[in-house]
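Here is the structure we will look at, set down as structure tokens.
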Amino acid sequence: MSAERRFLAALDAAAAPVRFWWRDDDAGADDARLLPLLGLAADRRAPVALAVVPTWLTTGTAGRIQDEPRATVLQHGIAHADHSIPPAKKIELGGSADADHLLSELDRGRETLETAFGDRFLPALVPPWNRIAPALLPRLPETGLTGISTFGPRAADTLPGVTRVNTHLDLTLWREGARPLPLDTALDRLAHLVARHGDEPIGILSHHQVMEAGAFATLDRILALVQDHPGARLATVQELFGEGG
10 MSAERRFLAA LDAAAAPVRF WWRDDDAGAD DARLLPLLGL AADRRAPVAL AVVPTWLTTG
70 TAGRIQDEPR ATVLQHGIAH ADHSIPPAKK IELGGSADAD HLLSELDRGR ETLETAFGDR
130 FLPALVPPWN RIAPALLPRL PETGLTGIST FGPRAADTLP GVTRVNTHLD LTLWREGARP
190 LPLDTALDRL AHLVARHGDE PIGILSHHQV MEAGAFATLD RILALVQDHP GARLATVQEL
250 FGEGG
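If you use the numbering used here, the sequence shown closes out at 254, no skipped numbers anywhere.
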């Protein structure tokens, strides 16, 4: 059985319709590779949540995002700066940085994105590298941010005033020189996610800055399979955060 058929079989076997969503990270700077990503969203009529770094945002990028009605903006940290204390993994929202300063800068970044995008901005945080110091989580509402999206299945615990909607499948193999994840591998991982975690929205994560034609083709095929199957659908990020995931 092919990987595609295994994925479709997992959807067939799901007890309830499976919701998927699409997040793309590291937006904000002028980058020509954002255009084919927005073009794919338009061609597929697929909602995409763009994680935008506030300090990277240019007028040109803001205009291009505004021109695609299926794009919603989330806040991708502050400046995508690493504050880790070696040998710890990279982190912006934690490490050596002062917590109060981080919260102040998150609030400033939120204001930047609200001004640029209006109601196309959803006040949810995507921490750079999908990491945030645990002590900052309960204080996010102080910054006006009411949601968070990282990577992996959601923990059972919840935080008052903060909705979590995670991604689960990264289409980039970072430890292999940012090589694109092969389509068959992606579909097998999705089949596993549907079987194990299909009760929560399954997030597909892309990074347009490192994508080439093959990576876009893989993403396009995944979106097509989800859209064509009666037991699956692409959800909007507004819907997911609005109902608590």
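Every residue, glycine too, gets a C-beta built ideally from N, C-alpha and C.
- Selection L178, P137 and L228 evaluated against H89 yields P137 as nearest (Cα-Cα).
- When rounded, the separation of the alpha-carbon atoms in H110 and V82 is 23 Å.
- Inter-residue distance for P169 and S11 is about 43 Å (C-alpha atoms, whole angstroms).
- Note on the segment 75 to 154: whole beta strand (DSSP E) runs with a minimum of 3 residues are 80 to 84 and 130 to 134, in chain order.
- About 7 Å separates the beta carbons of T227 and L190, which is inside the 8 Å limit, making them a contact pair.
- By the Cβ-count criterion, S105 is exposed, with fewer than 16 other Cβ atoms from all chains shown falling within 10 Å of its own Cβ.
- Within the DSSP bridge table, the entry for I211 names F29 as partners.
- Cβ contact annotation for A80 (same chain, cutoff 6 Å, sequence separation greater than five): V57, L59 and I74, in chain order.
- In the same chain as R230, and ignoring 5 residues on each side of it, the C-beta atoms closer than 7 Å to its own belong to L192, in chain order.
- For L59, the enclosing beta strand (DSSP E) has its first and last residue at V57 to V61.
- By the neighbour-count criterion, in which a residue is buried when 16 or more other Cβ atoms sit within 10 angstroms of its Cβ, E114 is buried.
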